[in-house]
Amino acid sequence: MATAEAHHLHSKEQSAAALMALPELQAWSAIIEKNSGGKSRGALIEYDPTPRKLNGKLYYQFSFVDNSSDAAQRWESFLVSSSDDEILVEDASTDEVISLARWRREKHPSKRTSIDG
1 MATAEAHHLH SKEQSAAALM ALPELQAWSA IIEKNSGGKS RGALIEYDPT PRKLNGKLYY
61 QFSFVDNSSD AAQRWESFLV SSSDDEILVE DASTDEVISL ARWRREKHPS KRTSIDG
């Protein structure tokens, strides 16, 4: 018997929470707050309210930003699946969508300490 959970869609809020739970985003948030003396915060903004369809799945579109009173500076953009736990990263330099594992392997996000990486 199939469970109802198999067809459950994640809400935008659940997807954002899963994204913010990533160790890289936790670390970036701490760096932003520390570097700004508490004036800026790491935050997620939805850069397009329409879910993006990719390979037959729908993804919520979020950017992680350094959010200050002056402006929000984008650090990275992510696609979070509405149907499972998949998180993809938009590679701004190539306009390619890559897996979280490849992003970690190639971009070394855990070493990043500023907006320009």
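Numbering-wise, the sequence shown is residues 1 to 117 according to UniProt numbering. We put the CB at the ideal spot given by N, CA and C, even for glycine. Just so you know, these numbers come straight off a predicted model, no measurement behind them.
Inter-residue spacing [alpha-carbon to alpha-carbon] between residue i and residue j
i	j	result
Val-83	Glu-24	Checking the displayed sequence, the identity of residue 83 turns out to be Ser instead of Val. So the two alpha carbons sit approximately 23 angstroms from each other.
Asp-66	Gly-56	32 angstroms
Gly-113	Ser-93	Gly is not the amino acid found at residue 113; the sequence shown has Thr there. So the two alpha carbons sit approximately 18 angstroms from each other.
Ser-40	Ser-69	7 angstroms
Arg-52	Pro-109	24 angstroms
Leu-79	Ala-16	10 angstroms
Glu-86	Ser-99	8 angstroms
Glu-96	Asn-35	30 angstroms
Lys-107	Ser-11	28 angstroms
Tyr-60	Trp-28	21 angstroms
Buried or exposed by the 16-neighbour rule on C-beta atoms within 10 Å, applied to residue i
i	result
Glu-76	buried
Ile-32	buried
Gly-37	exposed
Ala-2	Because the pLDDT of Ala-2 is 39, which lies under 50, any placement of that residue in the model is unreliable, and the question is left without a value.
Gly-117	exposed
Leu-88	buried
Tyr-47	exposed
Leu-9	exposed
Residue span of the beta strand (DSSP E) that contains residue i, given as start and end
i	result
Lys-57	57 to 67
Exercise. Would you mind listing the alpha helix (DSSP H) stretches within the region 13 to 50 that are 4+ residues and don't spill past its ends, in chain order?
Key: 23 to 35
Practice problem: Mind listing, in chain order, the continuous beta strand (DSSP E) runs of no fewer than 3 residues lying wholly within the region 70 to 108? | Solution: 72 to 81, 87 to 91 and 96 to 99
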